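*Asks:* Letter by letter, the sequence shown follows residues 4 to 362 in our numbering.
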Amino acid sequence: MDVKENIQRWVRPEIRALSAYHVPPADGLVKLDAMENPWPWPAELRQAWLEVVQAAALNRYPDPTAGALQATLRAAMSVPAAAQVMLGNGSDELIQMIVQTIAAPGRVIMAPEPTFVMYRQIAAVCGLEFSGVPLSSDFSLDRGQLFAAIEAWQPAVIFLAYPNNPTGNLFDANVIRELLTMTEGLVVVDEAYAPFTDASFMSSLGEFSNLLVLRTVSKMGLAGIRLGMLAGDPAWLEQIDKTRLPYNIGTLNQLTGVFAMQHKPVFDEQAGKIRSARGELDARLRELGSLTVYPSEANFILFRVPEGRADALYAGLREAGVLIKNLNGSSKALQDCLRVTVGQPDENGVFLDALARLL
Ligand SMILES: *Cc1c(COP(=O)(O)O)cnc(C)c1O
4 MDVKENIQRW VRPEIRALSA YHVPPADGLV KLDAMENPWP WPAELRQAWL EVVQAAALNR
64 YPDPTAGALQ ATLRAAMSVP AAAQVMLGNG SDELIQMIVQ TIAAPGRVIM APEPTFVMYR
124 QIAAVCGLEF SGVPLSSDFS LDRGQLFAAI EAWQPAVIFL AYPNNPTGNL FDANVIRELL
184 TMTEGLVVVD EAYAPFTDAS FMSSLGEFSN LLVLRTVSKM GLAGIRLGML AGDPAWLEQI
244 DKTRLPYNIG TLNQLTGVFA MQHKPVFDEQ AGKIRSARGE LDARLRELGS LTVYPSEANF
304 ILFRVPEGRA DALYAGLREA GVLIKNLNGS SKALQDCLRV TVGQPDENGV FLDALARLL
């Protein structure tokens with residue numbers, strides 16, 4: 004039998020229907036597409052880190068629960084004493100573990116859309132239904148539609164990115180609280196952009212047994228080590244932890260994570276710089292006149308360009324050496340939309356100048 008027939012026969016239809024998560028090459032470009040922290044580590048920090056990792060016992064398996072790293076992350080992220088935590092190879096892996104824990108035929112995963120695409124992708128890989136509930140035109144939660152969808156679908160898990168990606172806004176915390184009491188499923192509040200906002204559900208963990216809070220170190224400046232943290236009720240975490248593969252956090256990542264959290268003020272200062280650069284970038288984008296700029300509590304800004312011009316502007320920026328994210332065509336709600344990550348001030352300047360020229 005040839006490969007095509009074999010694939011047709013054996014690969015699950017929901018996998019065949021997926022397209023792989025595409026990451027465009029960024030060589031030599033000003034990279035403003037992936038919500039990375041643009042600031043490198045200070046030289047003395049790098050030196051001190053090398054001394055830590057050079058002592059690593061790489062012949063041994065890592066600490067299976069990454070106890071030291073758990074303790075430092077708990078403190079750094081103000082996890083309430085009553086909550087339990089577990090770690091993942093990026094928060095993406097934790098999303099996968101949550102979904103695997105409840106995956107069974109007929110179960111539904113829900114999220115407002117547009118949002119982070121991995122919720123839908125992971126639900127599909129695990130063979131589950133996904134119900135995407137449209138956000139309002141200003142990207143706020145459509146309370147009526149969301150609550151009706153929960154009644155109708157009885158989702159096992161609802162994912163809420165808070166702030167939301169790719170829109171940048173925070174959902175109404177009162178609606179989220181209402182939703183936590185009315186749904187019988189889990190509610191995962193994904194706080195990937197916590198370093199760039201004052202809002203958080205972390206301190207509410209004791210109040211709702213069905214609330215899980217997801218964090219990552221990726222956006223604060225450690226995207227390269229792939230490390231995420233899930234916090235929630237110990238009884239729930241005990242179950243979810245059973246889906247975790249042994250030793251999922253490598254020794255180098257454990258050491259690096261602990262070291263970085265011991266120097267958290269460096270990352271806090273960088274996050275502060277990103278927040279103020281976000282304000283400037285937002286103001287300059289608005290000055291360009293022809294754009295709709297959406298308010299952001301994250302380290303990126305979503306904006307809508309004049310009708311029909313998004314693809315050309317994206318390509319023009321790329322030609323000018325700037326890589327951002329083109330969301331045009333990904334859904335109706337994001338038609339004509341582009342998303343730019345907040346970079347260093349000079350990078351933001353290169354982007355703004357190029358965009359102004361192209362408009
Ligand atoms: C970037 C992002 C993540 C993924 O984080 P990793 O820890 O790098 O896997 C999760 N959720 C949202 C909403 C994101 O934007």
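We put the beta carbon where it would ideally sit given N, CA and C, even for glycine.
Keep in mind the model is a prediction, meaning the values are calculated, not measured.
(1) With respect to 6 Å, is the separation between the Cβ of F119 and the closest non-hydrogen atom of ligand 1 below this value?
(2) Could you say if the region 94-114 and the region 254-262 meet the contact criterion of at least three C-beta pairs nearer than 8 Å?
(3) Quick one, which of A37, E300, M4 and F354 has its alpha-carbon nearest N172's?
(4) Taking 6 Å as the cut-off, is the beta-carbon of G260 closer than that to any non-hydrogen atom of ligand 1?
(5) Using CA atoms only, rank isn't needed, just tell me which of G224, V308 and A313 is closest to W42.
(6) Can you find the residues in the same chain that come closer than 6 Å, C-beta to C-beta, to I69, ignoring five residues on each side of it along the sequence?
(7) Is it right to say P16 is buried, meaning 16 or more other beta carbons lie within 10 angstroms of its own, or is it exposed?
(8) With DSSP as the reference, label N329 as helix, strand or coil.
(9) Are E194 and S206 close, meaning C-beta to C-beta below 7 Å?
(10) Sorted by chain position, which residues of the same chain lie with C-beta nearer than 8 Å to E283's C-beta, five sequence neighbours on each side aside?
(11) A85 lies in the alpha helix (DSSP H); which residues open and close that run?
(12) Do you know how far the Cα of V343 is from the Cα of F303?
(13) Taking DSSP's pairing of strands, which residues face M113 in a bridge?
(14) In chain order, what residues place their C-beta within less than 5 Å of a heavy atom belonging to ligand 1?
(15) Once you ignore the five residues that flank A280 on each side, which residues in its own chain have a CB closer than 8 Å to its CB?
(16) If you scan the region 182-254 from start to end, which runs of the alpha helix (DSSP H) of 4 or more residues do you find wholly inside it?
(17) Looking only at C-alpha atoms, which of K276, S212, A286 and S134 sits nearest to A240?
(18) Figure out for me which residue from N167, Y122 and A159 has the closest Cα to the Cα of D141.
(19) Which residues bound the beta strand (DSSP E) around T344?
(20) Thinking C-beta only, is V190 closer than 7 Å to L217?
(21) Which of the three DSSP states, helix, strand or coil, is assigned to T104?
(22) From the DSSP output, in three-state form, read off T170 for me.
(23) Taking DSSP as the reference, what is the three-state secondary structure of T295?
(24) What residues in its chain sit with their C-beta under 7 Å from that of P249, if we drop five residues either side in the sequence?
(25) Rounded to whole angstroms, what's the CA-CA distance from E132 to Y24? Just pull it up for me.
(26) Note down the Cα distance separating Q242 from E116, rounded to an integer number of angstroms.
(27) Does ligand 2 have a heavy atom nearer than 6 Å to the CB of G109?
(28) Between the region 226-236 and the region 83-103, can you find at least three pairs of beta-carbon atoms closer than 8 Å?
(29) Hey, C340 and R312 are a contact pair by Cβ (cut 8 Å); roughly how many whole angstroms apart?
(30) Count the other C-beta atoms from every protein chain shown that fall within 10 angstroms of the C-beta of Y317, then say buried if there are 16 or more, exposed otherwise.
(31) Using 7 Å as the threshold, is the C-beta distance between G332 and L72 below it?
(32) Can you look up R312 in the DSSP assignment and give me helix, strand or coil?
(33) Taking the alpha helix (DSSP H) that L61 belongs to, which residues open and close that run?
(34) Which residues does DSSP list as the beta-bridge partners of L305?
(35) Can you name, in chain order, every residue of its own chain whose Cβ lies under 8 Å from the Cβ of A78, other than the five neighbours on each side?
*Replies:* Here's the rundown:
(1) Taking the sequence shown and counting its residues from 1, one reaches residue 119 at position 116. Checking the Cβ of F119 against ligand 1 gives yes.
(2) The region 94-114 makes no contact with the region 254-262: fewer than 3 CB pairs, one atom from each, lie closer than 8 Å.
(3) Residue numbering aside, residue 172 sits at position 169 when the sequence shown is read from its first letter. Of A37, E300, M4 and F354, the residue nearest in Cα terms is E300.
(4) Counted from its first residue, the sequence shown places residue 260 at position 257. Short note on G260: C-beta not closer than 6 Å to any heavy atom of ligand 1.
(5) Locating residue 42 in the sequence shown gives position 39, counting from the first residue. Closest by alpha carbon: G224.
(6) Within the sequence shown, the letter at position 66 stands for residue 69. The sequence shown places Ala at residue 69, not Ile. Counting only Cβ-Cβ distances below 6 Å, and skipping sequence neighbours, we find L90, I252 and Q257.
(7) Position 13 of the sequence shown holds residue 16. P16 comes out exposed.
(8) Sequence index remark: in the sequence shown, residue 329 carries index 326 (1-based). Strand, per DSSP.
(9) Residue 194 sits at position 191 when you count from the first residue of the sequence shown. Residue 206 sits at position 203 when you count from the first residue of the sequence shown. Going by C-beta atoms, E194 is not nearer than 7 Å to S206.
(10) What you label residue 283 is simply residue 280 of the sequence shown in a count that begins at 1. Only P348 and N351 meet the Cβ criterion.
(11) Translated into the one-based positions of the sequence shown, residue 85 becomes position 82. A85 -> no alpha helix (DSSP H), and no H or E assigned at all.
(12) On the sequence shown, residue 303 is found 300 positions in, with the first residue counted as 1. On the sequence shown, residue 343 is found 340 positions in, with the first residue counted as 1. Those two C-alpha atoms are separated by around 5 Å.
(13) Residue numbering aside, residue 113 sits at position 110 when the sequence shown is read from its first letter. The partner list for M113 (beta bridge, DSSP) reads S134 and I161.
(14) Shown in chain order are the residues whose CB sits closer than 5 Å to a heavy atom of ligand 1: G93, S94, D95, F119, A164, N168, D193, A195, T219, S221 and G231.
(15) On the sequence shown, position 277 is the one that residue 280 refers to. Counting only Cβ-Cβ distances below 8 Å, and skipping sequence neighbours, we find V345, G346, Q347, P348 and N351.
(16) With a minimum length of 4 residues, the continuous alpha helix (DSSP H) runs that stay inside the region 182-254 are 237-243.
(17) If you number the sequence shown from 1, residue 240 lands on position 237. Note that residue 240 is Leu in the sequence shown, not Ala. For the options K276, S212, A286 and S134, the alpha carbon positioned closest to that of L240 is the one of S212.
(18) Within the sequence shown, residue 141 is the residue found at index 138, counting from 1. Of the candidates N167, Y122 and A159, the residue whose Cα lies closest to the Cα of D141 is N167.
(19) Locating residue 344 in the sequence shown gives position 341, counting from the first residue. For T344, the enclosing beta strand (DSSP E) has its first and last residue at C340 to T344.
(20) Here residue 217 corresponds to residue number 214 of the sequence shown, with the count starting at 1. Here residue 190 corresponds to residue number 187 of the sequence shown, with the count starting at 1. Taking 7 Å as the Cβ cut-off, L217 and V190 do not qualify as a contacting pair.
(21) As a first step, residue 104 is located in the sequence shown; it is residue number 101 there, counting from the start. If DSSP states are grouped into helix, strand and coil, T104 belongs with the helices.
(22) Indexing the sequence shown from 1 puts residue 170 at position 167. The answer is coil: DSSP assigns T170 none of H, G, I, E or B.
(23) The count along the sequence shown starts at 1 and reaches residue 295 at position 292. The answer is strand: DSSP assigns T295 an E or B state.
(24) The residue given as residue 249 occupies position 246 in the sequence shown. For P249, where only same-chain residues beyond five positions count, the Cβ hits under 7 Å are P67.
(25) Taking the first residue of the sequence shown as position 1, residue 132 is located at position 129. Taking the first residue of the sequence shown as position 1, residue 24 is located at position 21. Roughly 19 Å between the two C-alpha positions.
(26) As a first step, residue 242 must be located in the sequence shown, where it is residue number 239. As a first step, residue 116 must be located in the sequence shown, where it is residue number 113. Answer to the nearest angstrom: the Cα atoms are 28 Å apart.
(27) Ligands present in the displayed structure are limited to ligand 1, and ligand 2 is not among them.
(28) These segments touch.
(29) Working through the sequence shown from its first residue, we reach residue 340 at position 337. Working through the sequence shown from its first residue, we reach residue 312 at position 309. About 11 Å separates the CB atoms of C340 and R312; that is not less than 8 Å, and the two are not in contact.
(30) As a working note, residue 317 is residue 314 in the sequence shown. Its Cβ being crowded by 16 or more others within 10 Å, Y317 is buried.
(31) Sequence index remark: in the sequence shown, residue 332 carries index 329 (1-based). Sequence index remark: in the sequence shown, residue 72 carries index 69 (1-based). In this structure, G332 sits away from L72, with a CB-CB distance that is not shorter than 7 Å.
(32) If you number the sequence shown from 1, residue 312 lands on position 309. Shown here, R312 sits in coil according to DSSP, grouped into three states, outside any helix or strand.
(33) For the purposes of this step, residue 61 is identified with residue 58 of the sequence shown, where counting begins at 1. Counted as a single uninterrupted DSSP element, the stretch harbouring L61 is not any alpha helix (DSSP H), since DSSP gives it neither H nor E.
(34) Within the sequence shown, numbered from 1, the residue matching residue 305 stands at position 302. According to DSSP, which records beta bridges pairwise, L305 is partnered with R342.
(35) As a working note, residue 78 is residue 75 in the sequence shown. Contacts found: M264.
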